[in-house]
Each structure stands twice: as C-alpha cells, then as structure tokens.
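*Asks:* This note's numbering numbers the first residue of the sequence shown as 990 and each following residue consecutively.
Sharing a structure here in structure tokens format.
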Amino acid sequence: MENEKIPLLGMTLDELREVASEVGLPAFAAKQLADWLYKKKVTQISEMTNIAKAKREALSERYEVGACPPVDFVRSVDGTVKYLFSAGPERFVESVFIPADERATLCVSSQVGCKMNCLFCMTGKQGFKANLTASQIMNQIQALPERERLTNVVFMGMGEPLDNLNEVFKAMEILTAPYGYAWSPKRITVSTIGLLKGLRRFLEESDCHLAVSLHSPLPDERQTLMPMERVAPIERVVELIRQYDFSHQRRVSFEYILFKDLNDSPRHAKALAELLRGIPCRVNLIRFHAIPNVPLQPTDMARMVAFRDDLNRRGMICTIRASRGEDIFAACGMLSTAKSRTFVENKKEWKL
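Shown next, in the form of structure tokens:
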C-alpha cells in the first residue's frame, strides 16, 4: 500500500544508520535506535525518549516499530504453545514455544509456505507464498508473550531457511550482535534440507548450529519423501559438511523422522551410520505427526528404541526427541492452513 509505513524492527545497524541519516540524525543515533528496538523492545517510536521529539515525529511519518502480537494461539497440555502471526493479507505463519526444564525454545518460520514439497510436511502442501522479511522473522521472537523466558531459537518452523538466506542472516545478526540481542550463536539452530549453495554460505559465514533434515540414507527412498533430493543429494550435503569443523562450539545434528515400514529397518540404521561415519554429530529420531491425505504412518515406540539402540551400537550418538504438542495441530503448517481455509470459506460466504 502507498502509505504503508516501513518497520524498523528487523533492521541491522547499517540499515538504521541510513534511517538516521535520512531524518537528519547523527550516525551514533543508529545505536540509540537499536537499543530501543532490541534491548528495551519498545513498541512505539514515541517511546524513544533520548531522541528529539521533532526527529521522532519525522521518523514516524515514514517508519514504525512494526511489532505485532500473534493473531491466534493454541496451548497444549504439555505447556507447548503454537502461535499464529500475520504475514500479510490472508497469510499466516506459525511459531512454536516449547518450554522444557531450564530451556525454552522457539521454533520460528522463515517463509509463508514452502517450495520443497516434502511428502510428510503440511507446510509444503500450502505451496510457496512468500519469503518472510527479517522484520517478520524477528516479530515472531519480539512479540512472543514468553520472550523473556527464551533460551534458544530454532529456524525449524514453516519454510526452508536456506531458501531465504539473506533475511535469515539479517535476523541472526540481530540476535547475536552486540547492538541487538547479543546472544551466543550457540543459542541458535538453523534446520535445512541441505540446499547446497546456501549451506556452503551458512557454514562459512555463521557460527550457529546446523540441523539437517535427512529422513533416509538411501537416495532413491529419500527422493520419494523429499523431491529436492534431486538437486540437493544427501551424499553431497554430507560431503560438504565434512569439509568444516564441528568438533568445538558449532554443532551439527541430523533430523530423522521414522515412518512405519519405510525407513525404520536395521538396513536403514546400517546405511545411516555408514553415511555419517566420522562426522561428530547427533542423530535425532522424531515421531511422525500424521497429516491429512498422506499415507505415511508413525513408527511405534518399540521400533524407534530398537533403531536408536542399533545406531548407538554402531558408534553414533542417537536420541529420540520427545514428542510435544500432539494435541494442538502438532504438524508444522496445520494451524496456518486451517486459518487460511477459514478466510477462503468466509470469502465464499461474503460473495453469496
């Protein structure tokens, strides 16, 4: 829209310097803006009281903070909360807050929908709608009701982070830079199917943790689950990861959803151990959350335990991730899909 204001939330220090210059503020005012945005977390430009009133008014003519609360949420009996945020007209993304003992993790989205079209993912069934801006990514964190409890952020919500790497990098800079949240990179994990160009840049430019969606060590079978295996073969993904040091601060894990009678056999455990041999990593086994019109079924717990124990005997560090939020649209994309369909149905009614 022509008169829509530009959000300051999600801007890096360099971008805030440009804003300051535009309204006639000195360069050092960029740090003042960042302090109000990311440390004090104000919601209105008028609250930035160490900036002259006239300059605040000049800022407000074109800019706004841009923090918007969630439009909906569902809360699980286990304490997990799935929040829904607006990402433009009739577009929604999800964030999932997961409290656990001393940790509190937020899974954030990076796209509206997804291009990857993984068989087991509800988000992929939406198709791709848009990349989120750094502002929309940061808003999921900054507008979170439990933000003061957060210990970790995982880019493991809707979308493929490495398909929107520039905006994800801006968000990670704000989270880790002294002018921003000043978090350690060890508090941030990026989950990806392994888009090779983006993965190389991430490995070279970031110290954040990496989680790779693997789901089958056998290329033909992985391709039936994840069509992008054709352009991001898991063997090439693993070979690229081998070129980087994961022995110290940065950690790599491999996410493995177990599907009944598909990828949960001893043959798969053996192939997985061989594929990852020599990489200091962890394999996280994940229970599948069923989604509509997909003929995949979750592996039972006994077989998950057997698969884990098999990998451990083969020298891998393997754990079973606790399943959270199964009573609240557990699968990623379920809540946003339901909300979008509600809009579509309402539109049909309005036209009658």
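Positions of the beta carbon are idealized from the N, C-alpha and C atoms, including for glycine.
Using C-beta distances below 6 Å, list every residue in its chain close to Leu1048, excluding the 5 sequence neighbours before and after it, in chain order.
*Replies:* Here residue 1048 is taken as the residue at index 59 of the sequence shown, counted from 1. Closer than 6 Å at Cβ, skipping near neighbours: Val1012, Ile1034.
*Asks:* Compare the C-alpha of Trp1364 against each of Ala1160, Asp1298, Thr1181, Gln1100 and name the closest.
*Replies:* Outside the modelled stretch of the chain, which goes from 990 to 1341, sits residue 1364, for which no answer is possible.
*Asks:* On a Cα-Cα basis, can you pick out the residue from Arg1219, Glu1036, Phe1086, Met1000 that is closest to Leu1139?
*Replies:* By one-based count along the sequence shown, residue 1139 stands at place 150. Comparing Cα positions, the closest option is Phe1086.
*Asks:* Give the list of continuous beta strand (DSSP E) stretches no shorter than 3 residues that lie fully inside the region 1195-1222.
*Replies:* Counting whole runs of 3 or more residues, the region 1195-1222 contains the beta strand (DSSP E) stretches 1198-1202.
*Asks:* To the nearest angstrom, how far is the alpha carbon of Arg950 from that of Lys1020?
*Replies:* Nothing about residue 950 can be reported from this structure: the residues present for the chain run from 990 to 1341 only.
*Asks:* Considering Gly1183, what are the terminal residues of the alpha helix (DSSP H) in which it resides?
*Replies:* The residue given as residue 1183 occupies position 194 in the sequence shown. From DSSP, Gly1183 is part of no alpha helix (DSSP H); its letter is neither H nor E.
*Asks:* Is the beta carbon of Leu1203 closer than 8 Å to that of Phe1144?
*Replies:* Here residue 1144 refers to the residue found at position 155 of the sequence shown. Here residue 1203 refers to the residue found at position 214 of the sequence shown. No.
*Asks:* Among the candidates Tyr1027, Ala1023, Leu1108, Asp1253, whose CA atom is the shortest distance from the CA of Phe1218?
*Replies:* As a working note, residue 1218 is residue 229 in the sequence shown. First, the amino acid is wrong: residue 1218 is Glu here, not Phe. Glu1218 has its Cα closest to that of Leu1108, out of Tyr1027, Ala1023, Leu1108, Asp1253.
*Asks:* Rounded C-beta distance between Ile968 and Leu1095? I'm assuming under 8 Å.
*Replies:* The shown model of the chain, from 990 to 1341, leaves out residue 968, and the question about it has no answer.
*Asks:* Which of the three DSSP states is assigned to Lys1159 in this structure?
*Replies:* As a working note, residue 1159 is residue 170 in the sequence shown. Correct three-state label for Lys1159: helix.
*Asks:* Quick one: what's got a C-beta closer than 7 Å to Ile1230's C-beta in the same chain, skipping five residues either side?
*Replies:* Stepping through the sequence shown from its first residue, residue 1230 is reached at position 241. Excluding positions up to five away in sequence, the list reads Val1241, Ile1268.
*Asks:* Going by DSSP in three states, Glu1224 sits in which element: helix, strand or coil?
*Replies:* The residue given as residue 1224 occupies position 235 in the sequence shown. Here Glu1224 sits in helix by DSSP.
*Asks:* For Asp1253, count the other beta carbons within 10 Å of its own beta carbon; 16 or more makes it buried, fewer makes it exposed. Which is it?
*Replies:* Here the question's residue 1253 lines up with position 264 in the sequence shown. Label assigned to Asp1253: buried.
*Asks:* Inspect the CB distances between the region 1152-1170 and the region 1179-1187 and report whether three or more fall short of 8 Å.
*Replies:* Contact between the region 1152-1170 and the region 1179-1187 is present, because at least three Cβ pairs lie under 8 Å.
*Asks:* Enumerate in chain order the residues of its own chain whose CB-to-CB distance from Gly1113 is below 7 Å, with the five nearest sequence positions on each side excluded.
*Replies:* In the sequence shown, counting from the first residue as 1, residue 1113 sits at position 124. Taken in chain order, the residues that qualify are Cys1103, Met1105, Asn1106, Cys1107.
*Asks:* Quick one, are the C-beta atoms of Gly1146 and Val1082 less than 8 Å apart?
*Replies:* Within the sequence shown, residue 1146 is the residue found at index 157, counting from 1. Within the sequence shown, residue 1082 is the residue found at index 93, counting from 1. Yes. Within cutoff.
*Asks:* Report, in whole angstroms, the separation of the C-beta atoms of Thr1001 and Ile1163, which I expect to be a contact under 8 Å.
*Replies:* Taking the sequence shown and counting its residues from 1, the one referred to as residue 1001 is at position 12. Taking the sequence shown and counting its residues from 1, the one referred to as residue 1163 is at position 174. Between Ile1163 and Thr1001 the Cβ distance is about 7 Å, and since that is below 8 Å, they are a contact.
*Asks:* In three-state terms, what does DSSP make of Asn1342?
*Replies:* Residue 1342 is absent from the model: the chain starts at 990 and stops at 1341.
*Asks:* The alpha helix (DSSP H) with Asn1128 in it runs from where to where?
*Replies:* As a position in the sequence shown, residue 1128 is number 139, starting the count at 1. Note, Asn1128: alpha helix (DSSP H), 1123-1131.
*Asks:* Once you ignore the five residues that flank Asn1120 on each side, which residues in its own chain have a CB closer than 7 Å to its CB?
*Replies:* Numbered from its first residue, the sequence shown carries residue 1120 at position 131. Result list for Asn1120: Gln1100, Asn1153, Glu1156, in chain order.
*Asks:* Which partner residues does Pro1281 have in the DSSP bridge list?
*Replies:* In the sequence shown, residue 1281 corresponds to position 292, counting from 1. Its beta-bridge partners do not exist; DSSP assigns none.
*Asks:* Taking the CB atoms as reference points, tell me whether Leu1261 and Pro1222 lie closer together than 8 Å.
*Replies:* Against the sequence shown, residue 1261 aligns to sequence position 272. Against the sequence shown, residue 1222 aligns to sequence position 233. Cβ atoms of Leu1261 and Pro1222: not closer than 8 Å.
*Asks:* Taking its Cβ as the centre, do 16 or more other Cβ atoms sit within 10 Å of Gln1368, making it buried, or is it exposed?
*Replies:* Here the chain covers residues 990 to 1341 and nothing more, so residue 1368 does not appear.
*Asks:* Which word fits Arg1302, buried or exposed, when buried means at least 16 other C-beta atoms lie within 10 angstroms of its C-beta?
*Replies:* Taking the sequence shown and counting its residues from 1, the one referred to as residue 1302 is at position 313. Its Cβ having fewer than 16 others within 10 Å, Arg1302 is exposed.
*Asks:* Alpha carbon to alpha carbon, what distance is there between Thr1122 and Lys994?
*Replies:* Within the sequence shown, the letter at position 5 stands for residue 994. Within the sequence shown, the letter at position 133 stands for residue 1122. Roughly 14 Å between the two C-alpha positions.
*Asks:* Tell whether a beta-carbon distance below 8 Å holds between Lys1377 and Val1060.
*Replies:* The shown model of the chain, from 990 to 1341, leaves out residue 1377, and the question about it has no answer.
*Asks:* Using only the alpha-carbon positions, how far apart do Gly1314 and Ser1010 sit?
*Replies:* The residue you call residue 1314 lines up with position 325 of the sequence shown. The residue you call residue 1010 lines up with position 21 of the sequence shown. The alpha-carbon atoms of Gly1314 and Ser1010 are separated by roughly 47 Å.
*Asks:* Considering only residues of the same chain and omitting the five flanking positions on each side of Ala1023, which have a CB-CB separation below 7 Å?
*Replies:* Looking up residue 1023 in the sequence shown gives position 34. Counting only Cβ-Cβ distances below 7 Å, and skipping sequence neighbours, we find Leu1002, Leu1005, Tyr1168, Gly1169.
*Asks:* Per DSSP, which one or two residues make a beta bridge with Pro1059?
*Replies:* Looking up residue 1059 in the sequence shown gives position 70. Paired residue(s): none; Pro1059 is not in a bridge.
*Asks:* Run through DSSP, which three-state label would Asn1273 get?
*Replies:* The count along the sequence shown starts at 1 and reaches residue 1273 at position 284. Three-state DSSP puts Asn1273 in a strand.
*Asks:* Report all residues from its chain with a CB closer than 8 Å to the CB of Glu1338; omit the five preceding and five following residues, and keep chain order.
*Replies:* Within the sequence shown, numbered from 1, the residue matching residue 1338 stands at position 349. Residue placement at Glu1338 is flagged as unreliable, the pLDDT there being 39, under the threshold of 50; the coordinate-derived value follows with that caveat. Once the five neighbours on either side are set aside, Glu1338 has no close Cβ partner at all.
*Asks:* Is the separation between the beta-carbon of Glu1135 and that of Ala1093 shorter than 8 Å?
*Replies:* As a position in the sequence shown, residue 1135 is number 146, starting the count at 1. As a position in the sequence shown, residue 1093 is number 104, starting the count at 1. Yes, these two residues count as a Cβ contact at 8 Å.
*Asks:* Checking 8 Å against the spacing of the C-beta atoms, do Gly1055 and Pro996 come in under that value?
*Replies:* Here residue 1055 is taken as the residue at index 66 of the sequence shown, counted from 1. Here residue 996 is taken as the residue at index 7 of the sequence shown, counted from 1. In contact: Gly1055 and Pro996 (Cβ atoms closer than 8 Å).
*Asks:* With a threshold of 16 other CB atoms inside 10 Å of the CB of Lys1042, please say whether the residue is buried or exposed.
*Replies:* Stepping through the sequence shown from its first residue, residue 1042 is reached at position 53. With fewer than 16 other Cβ atoms within 10 Å, it is exposed.
*Asks:* Evaluate Ile1306 with the Cβ neighbour count: other Cβ atoms within 10 Å of its Cβ, from every protein chain shown; 16 or more gives buried, anything less gives exposed.
*Replies:* Translated into the one-based positions of the sequence shown, residue 1306 becomes position 317. Answer is exposed; the Cβ neighbour count stays below 16.
*Asks:* Is it right to say Asn1128 is buried, meaning 16 or more other beta carbons lie within 10 angstroms of its own, or is it exposed?
*Replies:* Residue mapping note: residue 1128 aligns to position 139 of the sequence shown, counting from 1. The residue is buried, with at least 16 neighbouring Cβ atoms inside 10 Å.
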